[in-house]
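Here's the structure, in structure tokens; my notes come after.
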Amino acid sequence: MSAAFTRVQIPPKEVYTCADYAALPEGAPYQLIGGKLVMTPSPSTRHQAILRRLGVKMANFVDEKGVGAVYFAPVDVYLQETAVYQPDIAFVSKDRFAIIEAEKINGAPDLVVEILSPSTAYYDLREKFKIYARCGVKEYWIVDPIEKSIELYTGKEGKFIQVARAEETGRVESGVLGGFSIKLEEIFVDAP
1 MSAAFTRVQI PPKEVYTCAD YAALPEGAPY QLIGGKLVMT PSPSTRHQAI
51 LRRLGVKMAN FVDEKGVGAV YFAPVDVYLQ ETAVYQPDIA FVSKDRFAII
101 EAEKINGAPD LVVEILSPST AYYDLREKFK IYARCGVKEY WIVDPIEKSI
151 ELYTGKEGKF IQVARAEETG RVESGVLGGF SIKLEEIFVD AP
């Protein structure tokens with residue numbers, strides 16, 4: 001950790017807010033989850049390889065179609081007063097670019113991808129899952145490197161409904177990014 005982070009003193013509070021989060025130094029390894037500052041360590045190289053493979057394919061598709069923008073962690077997504085997340089991948093459609101600000105995404109992206117890590121899996125599957133749905137994320141992908149699986153959820157009336165799941169082999173297709181699909185064998189490769 002850099003010297004800048006070791007000098008930062010975060011005063012203890014019962015509930016932290018977006019204002020507290022915004023006061024952290026740039027690059028501080030935290031997310032604001034349920035009013036708590038949760039330290040999120042750097043992801044593993046396997047996690048990063050999966051992020052790169054899936055993210056590059058998604059970003060290339062979005063760029064070719066001209067339908068929006070794709071962002072990669074760490075980018076702050078402000079969802080509510082006690083929730084600022086850094087999804088692994090966030091897609092914002094062109095007609096919603098107003099939520100993209102210089103320092104953050106201020107509102108729910110259209111599509112969010114979270115790649116499970118031992119340190120964040122609980123939050124990705126529970127707390128963040130619920131908040132993403134309530135705040136209007138239209139599609140949520142959960143990528144599990146251990147199971148080599150991808151689950152797709154569609155947002156409906158503040159809840160997510162699972163619409164697809166594939167493990168080890170097969171293809172999943174986005175409903176939000178019409179025409180974008182991915183073969184699991186292309187994402188879960190053992191080599192770096």
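For the sequence shown, full-length UniProt numbering gives the first residue as 1, with consecutive numbering after it. Glycine included, each C-beta is placed from N, C-alpha and C at the ideal position.
Note the first and the last residue of the continuous alpha helix (DSSP H) segment covering residue i.
i      : result
Lys104 : Careful: Lys104 lies outside any alpha helix (DSSP H) and carries neither H nor E.
Arg171 : Note, Arg171: premise wrong, no alpha helix (DSSP H); beta strand (DSSP E) at 171-173.
Tyr132 : 127-135
Is residue j closer than 9 Å to residue i when the C-beta atoms are compared?
i      : j      : result
Glu186 : Arg53  : yes
Ile150 : Leu111 : no
Ser117 : Glu139 : no
Asp76  : Tyr21  : yes
Pro87  : Pro109 : yes
Tyr78  : Gly107 : yes
Trp141 : Ile89  : yes
Gln31  : Val113 : no
Val137 : Gly155 : yes
Ile115 : Ile50  : yes
So, is residue i buried or exposed, given that buried needs 16 or more other C-beta atoms within 10 angstroms?
i      : result
Met39  : exposed
Ser181 : exposed
Gly179 : exposed
Gln162 : exposed
Glu14  : exposed
Gly55  : buried
Lys159 : exposed
Lys128 : buried
Phe97  : exposed
Ile10  : exposed
Ala4   : Summary for Ala4: the model assigns pLDDT 43, below 50, so the residue's position carries little reliability; its value from the coordinates is reported in the next sentence. Ala4 comes out exposed.
Would you mind working out which of the options sits nearest residue i, comparing C-alpha positions?
i      : options                        : result
Arg46  : Lys183, Ser181, Pro145, Tyr16  : Pro145
Lys27  : Arg126, Ser174, Pro41, Asn106  : Residue 27 is actually Gly in this sequence, not Lys. Ranking Arg126, Ser174, Pro41, Asn106 by Cα distance to Gly27 puts Pro41 first.
Phe91  : Tyr71, Lys65, Arg134           : Tyr71
Ala69  : Leu177, Asp190, Val189, Phe188 : Leu177
Ala167 : Leu152, Ala108, Asn60, Lys13   : Sequence inspection shows Glu at residue 167; the Ala mentioned does not correspond to that position. The candidate whose alpha carbon is nearest that of Glu167 is Leu152.
Val189 : Gly170, Lys148, Arg165         : Lys148
Leu37  : Asp95, Thr82, Glu101           : Thr82
Ala19  : Gln80, Val143, Thr169, Pro43   : Gln80
Met58  : Glu157, Ile100, Ser93          : Ser93
Residue i bridges to which residues according to DSSP?
i      : result
Ile115 : Val143
Glu151 : Ile142, Arg165
Leu184 : None; Leu184 has no bridge partner.
Tyr78  : Val84, Asn106
Phe160 : Gly155
How far does the beta strand (DSSP E) with residue i in it reach, from first residue to last?
i           : result
Gln48       : Where Gln48 is concerned, there is no enclosing beta strand (DSSP E), although the alpha helix (DSSP H) it sits in stretches over 45-65.
Ala28       : Note, Ala28: premise wrong, no beta strand (DSSP E); not H, not E.
Gly68       : 68-72
residue 206 : Past the edges of the chain, shown from 1 to 192, lies residue 206, and the structure says nothing about it.
Val92       : 89-93
Verify the CB distance criterion: does residue i have a CB-CB separation below 9 Å to chain B?
i     : result
Lys13 : You won't find chain B in this structure, because it holds only one protein chain.
Looking at residue i and the ligand MG, is the gap between the Cβ and the nearest heavy atom below 8 Å?
i     : result
Gly68 : In the structure on display, the ligand MG does not appear, and there are no ligands present to speak of.
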